[in-house]
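Colleague:
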């Protein structure tokens, strides 16, 4: 069978090639701590993968006052953006791409 050639192959990044779950969970925990909110455990902070940010933070921190959402989201983004180097590919992804 002949190999088919493609000009472009597109992959979803987050959760397909890169494992961001540990970093997302850690950033939710750090943001909660920054604001003096209850810090969700690893399971609750990880269970939100796939949700939009507002739903994720509301699930992970169920006592969150809706008025505090913008502050929590800002702290989450801060922590996430400073941890770019911690994001890793799933095992085997680099070999597959090469």
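Residue numbers (the working numbering): 9 to 106. Just so you know, even glycine gets a beta-carbon here, dropped at the ideal spot from N, CA and C.
1) In terms of DSSP beta bridges, what is residue 27 paired with?
2) Suppose you measure from the CA of residue 29 to the CA of residue 38; what does that come to, to the nearest Å?
3) Could you please give the first and the last residue of the uninterrupted alpha helix (DSSP H) stretch that includes residue 101?
4) Going straight from the alpha carbon of residue 65 to that of residue 34, what length do you get?
5) When burial is assigned at 16 or more other CB atoms within 10 Å of the CB, is residue 48 buried or exposed?
6) Our contact map puts residue 45 next to residue 69 with C-beta atoms below 8 Å; I'd like the distance itself, whole angstroms only.
7) I'd like to check one pair, residue 85 with residue 43: are the Cβ atoms closer than 8 Å?
8) Leaving out the 5 sequence neighbours to the left and right, which residues in its chain are closer than 7 Å to residue 94 when beta-carbon positions are compared?
Modeller: Looking at the coordinates:
1) 96
2) 14 Å
3) 101–105
4) 12 Å
5) buried
6) 5 Å
7) no
8) 31
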